[in-house]
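Worksheet for the structure shown next.
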Amino acid sequence: MNPDLINRLAPFRAEALGRGIPAEDVERWIAMARPSATLVTGGDGPVAGRFGGPLLLPADAPDPWFPLLATLDCAALPEETTGLQLPPDGRLLLFGFPEMTYYGGTAGEVVYIPEGTPVEERNTKYACVYGAEGDTFDATDTLALYEQFPQQELRPAPDISLPHHFLAPSPDADEGTVTLPGHPRAWDLAEVWDETYGDIVVDGPLHIGGYASHECTETDPVTDAAADAEEARRHRSDTAELPAPDDWTLLAQWDIGLTGREGSTLHWVIPREDLAAHRFDRAHVSFFWNP
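Numbering (UniProt numbering), first residue to last: 1 to 291.
Put into structure tokens, the structure is as follows:
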């Protein structure tokens, strides 16, 4: 990782040591740091995508159920910045909606369009927002949220990420959770990170790669979302096996902040093997809100 990014963790290290956390525990925690890209809506750097904008899809692509949140230029998001094996070119479309789902159902999807693929503008009334054709559906609330979706260019800022979570699923199903293995001071270190990261990381609404977080992080939101994906697979009687939760990674996180969804978060997660193979249809989107 870029040494300049690691050096940005100096305030975290100093605070953790100042609280009496042993140096070896602090350094083990810092060793888990990941690069990430925070996409910001201001500044004058190169553009890596945009919130909103026209929906451009191949002619044979189905109408998406969820609304388009962002279109990303993969070439502007290299692995050394995001920590992710994104395609070297083409566009990544993030769809999602901040609404609770049932039986582990997804709250969005990801579509990858390779460079040079013919596309056309699609004017669609997203079923998630307006209701499916023939449904009796009051769209007042969903439309009020959708009309607040941002419409701005996005510029990448190299960033660094540490875990906000401190618990992990226990190997013993009867125990529920245990302290993050290998990190006996995980709770204390996560607390220090929660109290210092605001002065370390870049402030922006959309994050690519890194660790996932939300308003009440205790366990890893990525493994929680992977467990939801498995529940959804079983509910729809899908026979295709999914990788274990530890084999998933964060693709993107939107810190929402819309009126009516304050403090909520959408996470796009994907198995690492599917990310490497560019099988973005295997991504799962989870929504967290603690109203």
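The C-beta atom is built at its ideal place from N, Cα and C for all residues, glycine as well.
Between the Cα of residue i and those of the options, spot the shortest distance and give me the residue it belongs to.
{"i": "R122", "options": "G53, G49, D246 and A227", "result": "G53"}
{"i": "E115", "options": "V26, L72 and D194", "result": "L72"}
{"i": "A107", "options": "D247, D228 and R279", "result": "D228"}
{"i": "P3", "options": "E15, I30, G18 and I21", "result": "I30"}
{"i": "T249", "options": "P291, D274, G263 and E262", "result": "D274"}
{"i": "A225", "options": "A244, D238, T41 and L5", "result": "A244"}
{"i": "L77", "options": "E99, A59, L39 and P62", "result": "L39"}
{"i": "A157", "options": "D25, D44 and H235", "result": "D44"}
{"i": "A144", "options": "R261, G176 and Y103", "result": "R261"}
{"i": "P150", "options": "W289, L258 and V192", "result": "L258"}
{"i": "E109", "options": "D63, P169, D138 and P118", "result": "D63"}
{"i": "D25", "options": "P184, C216 and A212", "result": "P184"}
{"i": "P118", "options": "G18, G90 and D203", "result": "G90"}
{"i": "G42", "options": "D141, P11, R155 and T196", "result": "R155"}
{"i": "G204", "options": "Q152, T239 and E15", "result": "Q152"}
Hey, residue i and residue j: beta-carbon distance below 7 Å or not?
{"i": "A190", "j": "H214", "result": "no"}
{"i": "C128", "j": "W187", "result": "no"}
{"i": "V222", "j": "V269", "result": "yes"}
{"i": "W254", "j": "L206", "result": "yes"}
{"i": "G49", "j": "A75", "result": "no"}
{"i": "G210", "j": "S161", "result": "yes"}
{"i": "D159", "j": "V201", "result": "yes"}
{"i": "Y112", "j": "L92", "result": "yes"}
{"i": "P35", "j": "M1", "result": "yes"}
{"i": "E218", "j": "L167", "result": "yes"}
{"i": "I208", "j": "A276", "result": "no"}
{"i": "F287", "j": "L266", "result": "yes"}
{"i": "H284", "j": "P87", "result": "no"}
{"i": "P98", "j": "I256", "result": "yes"}
{"i": "L242", "j": "R233", "result": "yes"}
{"i": "residue 341", "j": "Y146", "result": "This structure cannot settle anything about residue 341, because the visible part of the chain is limited to 1 through 291."}
{"i": "Y126", "j": "A139", "result": "no"}
Using the rule of at least 16 other Cβ atoms within 10 Å of the residue's Cβ for burial, across every protein chain shown, is residue i buried or exposed?
{"i": "A37", "result": "buried"}
{"i": "D172", "result": "exposed"}
{"i": "G182", "result": "exposed"}
{"i": "S237", "result": "exposed"}
{"i": "A33", "result": "buried"}
{"i": "G83", "result": "buried"}
{"i": "residue 292", "result": "Here the chain has residues from 1 to 291 only, and residue 292 is not among them."}
{"i": "S170", "result": "exposed"}
Flag residue i as yes when its Cβ comes closer than 6 Å to any non-hydrogen atom of the ligand NAD, and as no otherwise.
{"i": "G131", "result": "Summarising the ligand content, the structure contains no ligands, and the ligand NAD is consequently not present."}
From what residue to what residue does the beta strand (DSSP E) around residue i run?
{"i": "A157", "result": "E153 to S161"}
{"i": "S170", "result": "No beta strand (DSSP E) contains S170, which DSSP labels as neither H nor E."}
{"i": "T239", "result": "Premise fails: T239 is in no beta strand (DSSP E) and is neither H nor E."}
{"i": "G116", "result": "Per DSSP, G116 belongs to no beta strand (DSSP E) and is neither H nor E."}
Could you give the first and the last residue of the continuous alpha helix (DSSP H) run that contains residue i?
{"i": "Y3", "result": "Per the sequence shown, the amino acid found at residue 3 is Pro instead of Tyr. Counting along the chain, the alpha helix (DSSP H) containing P3 begins and ends at P3 to N7."}
{"i": "G18", "result": "A10 to G18"}
{"i": "E24", "result": "A23 to I30"}
Scan the segment 48 to 101 and note each continuous alpha helix (DSSP H) run of 4 residues or more that stays entirely inside, going in chain order.
-> 79 to 82
Could I get the ranges of all uninterrupted beta strand (DSSP E) runs contained in the segment 241 to 275, with 3 residues as the minimum, in chain order?
-> 248 to 255 and 265 to 271
Runs of beta strand (DSSP E) wholly within the segment 174 to 233 (minimum 3 residues, chain order) | 177 to 179 and 206 to 208
Complete runs of the alpha helix (DSSP H) confined to the segment 122 to 154 [at least 4 residues] | 127 to 130 and 140 to 146
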